[in-house]
Every structure is written in C-alpha cells, then in structure tokens.
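Using the working numbering, the letters of the sequence shown map in sequence onto residues 822 to 1126. This report refers to the structure that appears directly beneath it.
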Amino acid sequence: MDLQLRDLRYFEVVAETGHVGQAADKLGRTQPALTKAVQRLEEAFGSPLFERRGRGIRLTPVGEVLLARARQLRGATEEALREVSDFARGNAGHVRIGSGPIAADNVLPEVCDLLLAEAPATTIDIRVAPSVELREQLRDGAIDLLIGLMPEDDPAFVTHPIMEDVVVVAARSDHPVFAHKRLDMKALLQWRWVLPGDNVASRQWLDAAFRSRGLPAPTVQLNVNSIPLLPRLIARTELLSFVSRHNLEAGGHYGALREVPLKETTFERYLGVTYRREGYLSPAAQRLLRLLRSQVPKMFSRPVG
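Here it is as structure tokens:
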C-alpha cells in the first residue's frame, strides 16, 4: 500500500471542515484535487471514508480511524523535521508550551525568563487553556510540554509534580460571610457564587463536596470560562468563588481578597509538567523541563519531589 502524506493531509482538512469546498479554500487547492486524494485513500483501504450528510459530509467509522492515525502520523512527521532542524542548528530551538491558567499566572513568566537567560535564541509558543483540553493537544503532538493539572495514570505520558496548588472558597475582605458566627458548608449556600464551567476539575470537586454531605451544589450566578477572571469578579461583588491560594497571595493585583477558612471546602492538589513518553523534545524543551523541575519547587514554600 503506497500512501502519500499529502493525500492524508488533504483528507484531514476535509474531515475537519466537513466540506470539500471549504477544505479546498483553506488549503489553496482545487476541489477536484482534494476529491482525487480522498478517492486514492478509499481505493487503498477498500472502504468509503465519508458519507453524505445534508449539504456536507461526515466520516464513516473507517474514516474516523484513519483521521486519528493521520493526525498521529502528521505529528510524528513534524517531530522528525523539528529534530533534524534542531540538530542542524545546535542548541537553539523552539518549544511549544501548553499551560493551565494557574501555572500561566504563577510559573510561566519567571521560568521563561530563566530559559531565555540561558538560551537567548530560543523561541516559545504558549497556549493557555484548561488542562483537560491541553492533554489532547499534547497527545496529538501539537504541544511539547503541558504545565498544569497532573493527569491520571496514562502510559502515553510522563509527569513530574512541581508545585502544590490549594483551591479554597474566597470572597472580598469585607464580605458578610466573615461575620457569620457558625460558619459551615450550609451557611455558604446563603450566597450566590461565581464559578468556572462544570467541566473544570475544581468546580466538579466543589459540587461533589456539597452533594456528598446531602447539600445542594452552590447557586451559580455567574459562569465564566476564565479562571483569572474569578478574583476580579469577587473583589467587586458579594459573590463567593473557589480559587487558588496563589491568586489570594497576589492580593495586591486582584484587590483585597480573603480565604473563607473551612476544611471541608479546601481542595489540595498538585500541578506538574507532562510530556509524551515517546515524543521528541527539542533541546529547548529539554532545557525548560529541567528548569521546571529544579526551579519551580524553590519558588513556593512547599516543594514536592
């Protein structure tokens, strides 16, 4: 079977757009060229890859399998090109970082400064998004290192813990919650909340903490998709929220915020740096990995091994 990488790339874009015309515009190619590429692949595999759906097309089960493998193959090809290029250029290189919001605020600025001090020619791409989304990008080879929540055991990844992150209920310093005589989880339900979406790990933990004690989940008045926005919102409202202590320690930046001290609503976790076990790490990525493991624990009061 003789497969052309170009045909696989054309197929991938057609699959992502669900429309041959749109894919042709995106690639700067003609529709017949893309149609012929798909036909060659269908002949090679002896099976249709697409089926009609309204005015567009969608993948068949065979097409779904091929799309996953095409992405992996493209990632491997790009890594091979990067590896050869990095070798040719010596220690100069490029690193692609995916970062969760907490690490982006508290880790990346200083670590990038250290990296550039060691290797001024290094270039860096940074993507900030929830760790769950970034794991799929890491798996597909779209990023080199993920700095954020540590994934559950996955043989495809290697993870090193670098810092503790404690998430707590918080409010502005003069919030009426601090005048409450007998503060417990039930009392917290008197106020409305601003929280991240229910696909975020900290939100899921908080909702589960209330429900496990026979209480309803907090009443959410504001749903936001930006973790850094939470402290700014509670600093100007009577809403409660669930934020990292690292944000509270940056009080001068966000305004006067206080932790609502309650053991039952204290979520302890670790952030780490994750990379693919079989993936290629450029010299720049290797240098950044070393800095993350050696320097980040020193930046915080409770280092981890």
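Positions of the beta carbon are idealized from the N, C-alpha and C atoms, including for glycine. Values in this document were obtained by computation on a predicted structure and should not be read as measured data.
Buried is the label assigned to THR943, since at least 16 other Cβ atoms lie within 10 Å of its Cβ. A distance below 7 Å separates the beta carbons of TYR831 and LEU855. Listed as beta-bridge partners of ASP946 by DSSP are ARG917. Under DSSP, ARG879 takes part in a beta bridge, and its partners are GLU872.
In its chain, beyond the 5 residues on either side, ARG1024, ASN1044 and ASN1046 have a beta carbon closer than 7 Å to the beta carbon of GLY1018.
Boundaries of the alpha helix (DSSP H) harbouring THR856: 852-866, taken from the DSSP string. The DSSP-derived three-state label of PRO930 is helix.
Among the bridge pairs identified by DSSP, SER1062 is matched with ALA991. Excluding five sequence positions before and after ARG1013, the CB atoms of its chain that fall closer than 6 Å to its own CB belong to THR1040, GLN1042 and LEU1060, given in chain order. Within the same chain, LEU970 come within 7 Å of ALA1022 by CB-CB distance, once the 5 residues on both sides are set aside.
Runs of the alpha helix (DSSP H) lying entirely within the stretch 1026-1055, each at least 4 residues long, are 1050-1055 in chain order.
Among the bridge pairs identified by DSSP, LEU848 is matched with none. Scanning LEU1010, GLY867, PRO976 and ASN1068 for the CA closest to the CA of LEU1050 turns up ASN1068. Scanning its chain for C-beta atoms nearer than 6 Å, with the 5 sequence neighbours on each side dropped, one finds around ARG917 the residues ASP946, ILE964 and ASP965, in chain order. The Cβ-Cβ distance between PRO982 and TYR1091 falls below 7 Å.
As computed with DSSP, TYR1091 is found in a beta bridge with GLU985. Distance from the Cα of PRO972 is smallest, within the candidate group GLU954, LEU829, LEU894 and GLU872, for GLU954. When ARG1032, ASP846 and VAL949 are compared, the shortest CA-CA separation from LYS1007 is found for ARG1032. PRO922 sits buried, since 16 or more C-beta atoms from the chains shown fall within 10 Å of its C-beta. In terms of Cβ geometry, ALA844 and THR851 do not form a close pair [threshold 7 Å]. PHE866 is positioned such that its CB atom lies no closer than 7 Å to that of VAL988.
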